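Here the structure is laid out as structure tokens; the discussion comes afterwards.
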Amino acid sequence: MAEASISVDREQFICSVCLDLLQDPVTVPCGHNYCKKCITDVWDFDQKGIYRCPLCKQSFTPRPGLGKNLVIAEMVEKLKKTRSQAAPPASVHTGSGDVQCDSCTGIKQKAVKSCLECRSSYCQNHLDQHESLFRGKGHDLMDATGRLQDMMCSRHGKILEIYCRTDQRCICMLCLVDEHRNHDTVSTSAARTEKQRSAQTAVEDSKKIFTELVRCIEKRCSEVMKMIRDQERAAVSRAEIKLERLEKEINELKKRDAELKQLSHTQDHVHFFQSLSSASVSVSGSTDGYSVSPHLTFSDVVNSVSQFRDKLQQFCREETEHMTETVKNVQVIIAPEYETREEFLQYFHPFVLDSNTIYPSLHLSEDNTVITSSSCNYKYPNHPDRFDYWIEALCTESVGGRCYWEVEYGGNEGVHIAVAYKSIKRKGKSGDSRFGYNDQSWRLYCCNSSCSFRHNTIRTVLPVVSSHKIGVYVDHSAGTLSFLSISDTINLIHIVQTTFTQPLYPGIGLQNNTTVKLCRLNV
1 MAEASISVDR
11 EQFICSVCLD
21 LLQDPVTVPC
31 GHNYCKKCIT
41 DVWDFDQKGI
51 YRCPLCKQSF
61 TPRPGLGKNL
71 VIAEMVEKLK
81 KTRSQAAPPA
91 SVHTGSGDVQ
101 CDSCTGIKQK
111 AVKSCLECRS
121 SYCQNHLDQH
131 ESLFRGKGHD
141 LMDATGRLQD
151 MMCSRHGKIL
161 EIYCRTDQRC
171 ICMLCLVDEH
181 RNHDTVSTSA
191 ARTEKQRSAQ
201 TAVEDSKKIF
211 TELVRCIEKR
221 CSEVMKMIRD
231 QERAAVSRAE
241 IKLERLEKEI
251 NELKKRDAEL
261 KQLSHTQDHV
271 HFFQSLSSAS
281 VSVSGSTDGY
291 SVSPHLTFSD
301 VVNSVSQFRD
311 KLQQFCREET
321 EHMTETVKNV
331 QVIIAPEYET
341 REEFLQYFHP
351 FVLDSNTIYP
361 SLHLSEDNTV
371 ITSSSCNYKY
381 PNHPDRFDYW
391 IEALCTESVG
401 GRCYWEVEYG
411 GNEGVHIAVA
421 YKSIKRKGKS
431 GDSRFGYNDQ
441 SWRLYCCNSS
451 CSFRHNTIRT
461 VLPVVSSHKI
471 GVYVDHSAGT
481 LSFLSISDTI
491 NLIHIVQTTF
501 TQPLYPGIGL
511 QNNTTVKLCR
521 LNV
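What follows is the structure, encoded as structure tokens:
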């Protein structure tokens with residue numbers, strides 16, 4: 001009877017955070033008990049100045065002091081001794097690839113479920129305790145997964161269940177009503193179905209095209225084989241006719257030969273000359289002009305087929321290389337993992353403009369961080385790095401690793417915010433020296449009425465950006481380039497996923513009467 005009582009009472013001494021017996025138990029003002037370390041970690045993580053009971057959600061301000069509950073601690077020690085005397089329950093230890101239970105101490109057991117609300121995974125024993133504590137309180141369970149943190153919004157702590165097509169990223173419901181309010185969104189399941197359907201369509205279309213190509217080749221092969229057979233039959237027929245005529249001519253010649261032999265033995269000279277003349281005329285009259293070439297072959301046909309084969313193989317190689325390159329260039333764009341300006345600012349770097357690169361009508365000021373376009377010609381000295389046709393300039397330093405900077409512009413006209421390789425051309429009016437019109441540079445254009453992105457002459461139209469402060473984030477090794485609108489909030493304008501083969505240099509392109517400032521952090 002005592003054992004049954006202990007078994008029932010034991011649940012009253014379970015910490016609702018770690019789901020194990022209380023260790024160093026403390027009581028919060030609402031009366032619930034927790035391990036001192038567990039409740040301290042929960043409140044330290046909150047950082048909002050409002051401290052809640054994880055079980056009943058009652059809030060306390062200021063942060064309550066935590067004193068050890070000696071009565072509870074003594075009862076927990078007794079329960080521990082009782083549990084150590086009982087036989088341990090059957091358990092399943094984790095193996096390679098299994099998810100571990102977050103509440104097990106010592107040897108970790110295999111988790112069977114994960115709770116999205118608690119952000120923890122539980123073995124069967126701790127899952128039963130979790131259910132007894134939170135049954136009917138809206139805790140969503142799923143099959144055990146080691147990716148719980150990846151499934152939660154880092155900003156709001158809610159599950160990522162919405163996909164934003166505009167920013168190409170997963171968001172939570174609070175994100176949807178906040179910075180993604182007017183964006184094109186669907187559920188993550190619908191977005192996945194849509195992507196899978198698009199990929200399947202591409203596969204099916206490719207199969208269809210290849211099937212048609214194979215069918216076309218087989219048809220052409222059949223036609224060539226039929227043509228060869230027809231030519232073979234025609235050639236054989238012509239040869240047979242010629243052979244038949246030659247056989248007749250041979251027989252006729254044999255007959256004339258016999259007559260001439262008989263004539264050679266006659267003693268009648270007059271008869272000899274008369275018969276010889278007749279035989280000669282007959283023989284010459286019976287000779288046909290037919291001849292059969294000893295070199296009769298199908299070499300021309302074989303050569304034509306061989307040339308067709310070579311051309312087809314060359315075509316297949318070129319098209320396969322083109323398709324392979326196209327597949328390699330399919331962009332799987334990964335949005336930056338940062339959501340606040342403060343997170344981007346940890347990679348901030350102050351840049352200055354290179355006076356040897358600026359176009360002659362541009363004026364530098366404020367330690368080469370402000371550039372202004374005007375109608376004046378400042379007669380800078382000639383330099384091989386100077387842009388001499390397009391109104392552009394590059395910075396002195398290149399971008400390495402992860403880097404973030406901000407640009408603020410003013411004036412009636414727009415601004416070109418770019419990154420470029422140092423190898424970009426500087427002279428002449430061709431696209432080779434213009435930001436965005438070659439494979440050496442990437443450019444965002446912003447003004448009051450339009451916004452667009454351009455690379456290698458290909459232009460992408462974007463929604464108009466109201467803010468005149470633009471953030472640029474580069475992850476060189478990951479091949480990611482992001483442009484962000486900076487105001488009270490930070491919003492993604494456009495993101496590019498590519499492979500950078502050289503160091504990148506920040507660049508600015510201006511139109512008349514425009515001023516651009518490379519921002520610095522206020523210390």
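Numbering (UniProt numbering), first residue to last: 1 to 523. Every residue gets a Cβ at the ideal spot worked out from N, C-alpha and C, and that includes glycine. Just so it is clear, the structure is predicted and the values come from calculations on it, not from any experiment.
| Item | Value |
| --- | --- |
| S373, enclosing beta strand (DSSP E) - first and last residue | 370-373 |
| Local conformation of N303 per DSSP, three classes | helix |
| Local conformation of S16 per DSSP, three classes | coil |
| Pair within 7 Å by beta-carbon distance, Y409 and V474 | no |
| Paired residues, beta bridge with residue 530 - DSSP | This structure does not reach residue 530, given that the chain is present from 1 up to 523, and the question cannot be answered. |
| Beta-carbon proximity list for L521, same chain, < 8 Å, skipping 5 on both sides | L345, F348, P350 |
| C101, enclosing beta strand (DSSP E) - first and last residue | Careful: C101 lies outside any beta strand (DSSP E) and carries neither H nor E. |
| Same chain, Cβ closer than 6 Å to T372, neighbours up to 5 away in sequence not counted | H363, T515 |
| Whole-angstrom distance between N303 and L296, CA atom to CA atom | Low per-residue confidence applies at L296: pLDDT is 46, beneath 50, and the placement is therefore not dependable enough to give any value. |
| Close Cβ partners of N69 (< 7 Å) along its chain, the five nearest in sequence each way excluded | P25, V26, T27, N33 |
| Burial state of C56, where buried means 16 or more other Cβ atoms lie within 10 Å | exposed |
| Whether G471 touches L484 by CB criterion (7 Å) | yes |
| Between the CA atoms of K379 and S361 - distance to the nearest angstrom | 8 Å |
| Sub-7 Å separation of F453 and G479 beta-carbons | no |
| Per-residue DSSP class, three states only, for S275 | helix |
| Closer than 6 Å: I371 CB and nearest the ligand MG heavy atom | Among the ligands in the structure shown, none appear at all, so the ligand MG cannot be discussed. |
| Pairwise C-alpha distance: H180 and H156 | 14 Å |
| Nearest residue (CA-CA) to I417, options V236, Y389, H455, L213 | H455 |
| Rounded separation between E232 and I241 - CA only | 14 Å |
| Sequence-distant residues of the same chain with beta carbon closer than 8 Å to K502, five excluded per side | Per the sequence shown, residue 502 should be read as Gln rather than Lys. Closer than 8 Å at Cβ, skipping near neighbours: Y421, K422, S423. |
| Own chain partners of A90 with C-beta closer than 8 Å, once the 5 adjacent residues on each side are dropped | In this prediction, A90 scores a pLDDT of 47, lower than 50, which makes its location untrustworthy; no coordinate-derived value is stated. |
| C-alpha distance - K261 paired with K254, whole-angstrom precision | 11 Å |
| C-beta contact flag for F435 and G509 at 7 Å | yes |
| Contact check, T357 vs L394, beta carbons under 7 Å | yes |
| Whole-angstrom distance between K110 and L504, CA atom to CA atom | 48 Å |
| Assigned exposure category for A234 - 16 Cβ within 10 Å defines buried | exposed |
| Candidates H271, Y445, T457, D143: closest to H468 by CA position | Y445 |
| Contacting residues, own chain, Cβ-Cβ under 8 Å from W405 (five flanking each side not counted) | F348, H349, P350, F351, G471, V472, P506, L518, C519 |
| Enclosing beta strand (DSSP E) for N33 [first to last residue] | 33-35 |
| Range of the contiguous beta strand (DSSP E) that encloses A393 | 392-394 |
| Beta-carbon separation (whole angstroms), R119 vs M152, contact threshold 8 Å | 7 Å |
| Proximity below 7 Å, CB of W442 to CB of V419 | yes |
| Contact set for Q23: own chain, Cβ-Cβ below 6 Å, skip 5 residues either direction | C35 |
| Presumed contact (8 Å Cβ cut-off) between C172 and K195, rounded CB distance | Their Cβ separation, rounded to whole angstroms, is 20 Å, which puts C172 and K195 out of contact at 8 Å. |
| As assigned by DSSP and simplified to three states, the class of C175 | helix |
| Closest by C-alpha distance to C447, when choosing among D432, I458, V464, C30 | V464 |
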